[in-house]
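As structure tokens, the structure follows; a few thoughts come after it.
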Amino acid sequence: MTHARTEQSASADAFDRALGVIPGGVNSPVRAYGSVGGTPRFIASAHGAYVRDVDGDEYVDLVGSWGPALLGHAHPEVVAAVQEAAARGLSFGAPTLAEVELAEEIRRRVPAAERIRLVSTGTEATMTALRLARGFTGRDLVVKFAGCYHGHVDALLAAAGSGVATLALPGSAGVTAEVAAETLVLPYNDLDAVRTAFEAHGPRIAALIMEAAPANMGVVPPLPGFNAELRRITAEAGALLIQDEVLTGFRVSPAGWWGLEGQAEGWTPDLLTFGKVIGGGLPVAAVGGRADVMASLAPLGPVYQAGTLSGNPVAVAAGLATLRLADEDVYAQVDATSARLRGSLSRALGEAGVPHAMQWAGSLFSTMFGPGPAAAGARDYDAVLASEHWRYTPFFHALLEQGVYAPPSPFEAWFVSAAHDEEAIGRIEAALPAAAAAAATAERLTA
Ligand code: PLP
């Protein structure tokens, strides 16, 4: 049992202080526990599969910093690489050899990333990819799917998942109507909608961007052949296909989702975006792709993009060390842990009588509650929103009370790491029956 969060808890005190100086008390919205309620845990440290909060309570972590912690927290070799890099200087504003090595490592794994530009966040990567696509094609429209999150880029916030879903927002204030009008939002997994949009607007479409396997509306994998058909339709229309692998990249296989699908099927996107794992917990992201398209970027071409801290030497050291350690064994272990937890979770929910679907893409997974998903799975954002996601609140808190830190939103994937050993998995499994019972007795609150 962890400490109950009362007014006296250190996390509650920290949150009060934070509310006085940081909007909503957090620097990224989902951290505020908006959809599950309660006091966000303020984290003091993290090692391996565990995080420890400022009250001294330890939790098995299923958030993994929302993706980067593939190897677990504070892997000794990654920390050593960071310390060594930091000792050589924190930032130079000039090129380094390590940036070249990281770009080469990314290309070795995903050859379609013929040229790579490092940036600091996934948002920057997708924003750059869009500008590049528009600059290269001379076209203005962009196609995205409802429920897919690509960072907080103005043009991509319409019907975005992740925190936008968690807060039940239709999009974002501050995005002008002109910008919103240049984004066509289509239902996910619906090829007819894609064909219709391209028939109507094909010559104006610069790019279609998709999450390689969506995991920001919960996990909603692409139907077999869906992404390949997107490749075909975009190529036929002269539009670029941007495969957003910020979340899946180097997490679900050595070559990300592309390694599980495009590689086997023999197709490549024009541009890819990466983030999370390639920074190993520090801010590194990237846009990569066809050499001719990437040649449009400054200083070679007319599409401007830059960054004071792009390719930061300390961050790059963390990413490089992480990727070098992420071998086949790591992916096999993470896959096995994910499969085992999916089974245990589904069993516990079944025994508690909670209708549900386990949805997964590689090692990423999430649970969709309710008879709808149980019968047919959730294939798009509407199905996710129609699910009994309100069951997640008591489920989440029951886990938290027992020392298991699941994502504080039903619309996020669960992340396991190579550091989730028998002990950590056992702790999660021991907590599942009570959490499943809480989900079973959850009551829908109506406004
Ligand atoms: N693209 C995808 C698929 C993501 O999951 C995210 C973040 O969760 C982003 C882009 C944005 O990345 P960042 O939060 O680093 O800006």
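Counting from 300, one number per residue, gives the positions in the sequence shown under this note's numbering. Ideal Cβ positions, reconstructed from N, Cα and C, are used throughout, including at glycine.
Taking a C-beta distance under 7 Å as the contact criterion, glycine 555 and threonine 567 do not qualify as a contact pair.
Under the DSSP definition of a beta bridge, glutamate 510 partners with Asp543. Isoleucine 727: member of the alpha helix (DSSP H) spanning 721-739, first to last residue.
Here the distance from the Cβ of leucine 389 to the nearest heavy atom of the ligand PLP is not below 6 Å. DSSP lists Ala585 as the bridge partner or partners of leucine 417. Annotation for serine 643: the continuous alpha helix (DSSP H) segment containing it runs 627-650. Listed by position in the chain, the residues whose beta carbon lies within less than 5 Å of some heavy atom of the ligand PLP are Thr420, Gly421, Thr422, His449, Gly450, Glu510, Asp543, Val545, Leu546, Gly574.
Around the beta-carbon of glycine 324, 16 or more other beta-carbon atoms lie within 10 Å, marking it buried.
Less than 7 Å divides the Cβ of valine 353 from the Cβ of alanine 343.
Rounded to whole angstroms, the gap between the alpha carbons of alanine 590 and alanine 735 is 50 Å. For the region 334-395, the continuous alpha helix (DSSP H) assignments of 4+ residues that do not extend past its boundaries occur at 375-386, in sequence order. By the neighbour-count criterion, in which 16 or more other beta carbons inside 10 Å mark a residue as buried, serine 662 falls on the buried side. Shown here for alanine 459: same chain residues with a beta carbon closer than 6 Å to its own, the five before and five after excluded, namely Tyr448 in chain order. Counting the other CB atoms within 10 Å of its CB gives proline 322 a total below 16, which places it among the exposed residues. Closest in alpha carbon position to glycine 446, among Leu485, Leu640, Leu318, is Leu485. Classified as exposed, threonine 740 has fewer than 16 neighbouring CB atoms from the shown chains inside 10 Å of its CB.
Distance from the Cα of serine 390 is smallest, within the candidate group Glu564, Phe525, Asn611, Leu456, for Asn611. For threonine 666, there is no enclosing alpha helix (DSSP H); the enclosing beta strand (DSSP E) has its first and last residue at 663-668.
Relative to the Cα of histidine 372, the nearest Cα in the group Gln604, Thr533, Val350, Ala737 belongs to Val350. Counting along the chain, threonine 572 sits inside the beta strand (DSSP E) bounded by residues 570-573.
Note on geometry: alpha-carbon atoms of alanine 379 and alanine 317 lie some 31 Å from one another. The C-beta of proline 706 has 16 or more other C-beta atoms within 10 Å across all chains shown, which makes the residue buried. The criterion of a C-beta distance shorter than 7 Å is satisfied by leucine 417 and glutamate 398. Boundaries cannot be given for valine 518, as no beta strand (DSSP E) includes it and DSSP labels it neither H nor E.
In this structure, alanine 424 places its C-beta atom within 7 Å of the C-beta atom of glycine 574. Taking a cut-off of 8 Å for Cβ pairs, the region 709-721 and the region 670-680 do not touch, as fewer than three such pairs fall below it.
Spatial neighbours of isoleucine 504 in its own chain (CB-CB distance under 7 Å, excluding positions within 5 residues in sequence) are listed in chain order as Arg438, Leu440, Val442, Phe497, Ala536, Ala538. The straight-line gap separating the alpha-carbon atoms of alanine 428 and methionine 509 is approximately 12 Å. At a Cβ-Cβ threshold of 7 Å, glutamate 376 and alanine 625 do not count as neighbours. Its chain contains Glu728, Leu731 as the residues whose beta carbon lies nearer than 7 Å to that of serine 643, once the 5 sequence neighbours on both sides are disregarded; these appear in chain order. With distances taken between CA atoms, alanine 737 lies nearest to Phe694 out of Leu608, Glu700, His374, Phe694. Boundaries of the beta strand (DSSP E) harbouring alanine 660: 655-660, taken from the DSSP string.
As far as DSSP is concerned, valine 474 takes part in no beta bridge. With contacts defined as CB atoms closer than 7 Å, leucine 571 and glutamate 544 qualify as a contacting pair. The straight-line gap separating the alpha-carbon atoms of valine 551 and aspartate 634 is approximately 8 Å.
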